[in-house]
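Below is one structure, written out as structure tokens; comments come after it.
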Amino acid sequence: MTQADVLDDLQRSLHDAASVFSAPDQADWKRHLQTALAAFSRKRRRTLLGTITLQAEQDIYPLPAEVQAEFIDYKTHLWGNKPCKPWSKGYAGALPRVKEQAGALVFDPAPSAAHLAAFGSSFRFWYFAQHRLDATGSTVQAVDRPLLLLRAQAEALRELSMRNINKPVTVRDGFSGTPRNSTPAALYAQLLAEFEGAT
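Residue numbering for the sequence shown follows my numbering, starting at 33 and increasing by one per position.
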């Protein structure tokens, strides 16, 4: 699946309403698809593994550039998972709490030298990532293609409702192909509800 494939499907699915979106280089359609992909990424979570190198008493670590480019939210980490009781020899103390803030991982409190001695300096963490859809391929599963298309249709109708609020249009949804005749605003609400209700 490539971006061009989905753009073609999206334009065909909106029938005569598609003529409203005529920006050069399919800019309107790409904008709809990008918004749909962001919403889709929160519905169909993509989990990836990242790594940063810790230093003693440092509490803020900017996310690596390759992680930041697709980062949605922090999930959990694999660091310090070895069981260790407070009375055990070499107990490093409670692990810091970790959260993402403004493109960085924040440790509270900062990891200590004892933490690094016990668990190492390589901090591996899971994070939720944006799905990819470009000219070479996609991370969206084929079975989820109609769901992505449905959200892109809703986005197109949201914009269409601001331009021609009283003009009826005919579109087909991404699941059944059933015609839906109404105003763009009503269709937007209906398609968005279908997207949100999909499992």
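Ideal Cβ placement from N, Cα and C applies to all residues, glycine included.
* Based on the DSSP secondary-structure assignment, which residues constitute the bridge partners of L165? -> Bridge partners of L165: S170.
* Which value, in whole angstroms, describes the spacing of the CA atoms of A134 and S120? -> 37 Å
* **Rounded C-alpha distance that separates A226 from S54** => Here residue 226 turns out to be Glu, not Ala, going by the sequence shown. Rounded to whole angstroms, E226 to S54 spans 27 Å at the Cα level.
* Asked: If we count the other Cβ atoms within 10 Å of its Cβ and call it buried at 16 or more, is P94 buried or exposed?
  -> exposed
* Asked: Taking the alpha carbon of L148 as the point to measure from, which residue in R77, E132, L137 and P128 has its own alpha carbon closest?
  -> P128
* Starting from the Cα of R156, find the closest Cα among E89, Y106, D140 and P178 and give me that residue. => Y106
* Asked: Is the CB-CB distance between A68 and E191 below 7 Å?
  -> no
* Could you name the residues that DSSP lists as bridge partners for P94? => A136
* Just to confirm, are M33 and S154 a CB contact at a threshold of 7 Å? -> no
* For the stretch 130 to 145 and the stretch 67 to 81, state whether three or more C-beta atom pairs, one from each stretch, are separated by less than 8 Å. => no
* Opening and closing residue of the beta strand (DSSP E) in which F72 lies -> Taken as a continuous stretch (DSSP letters only), F72 belongs to no beta strand (DSSP E), being part of the alpha helix (DSSP H) at A59 to K75.
* Asked: In the DSSP assignment, what residue or residues form a beta bridge with L219?
  -> Answer is none; L219 lacks a bridge partner.
* Asked: Would you call the CB atoms of L65 and A184 closer than 7 Å?
  -> yes
* Inter-residue spacing [alpha-carbon to alpha-carbon] between R177 and L165 -> 11 Å
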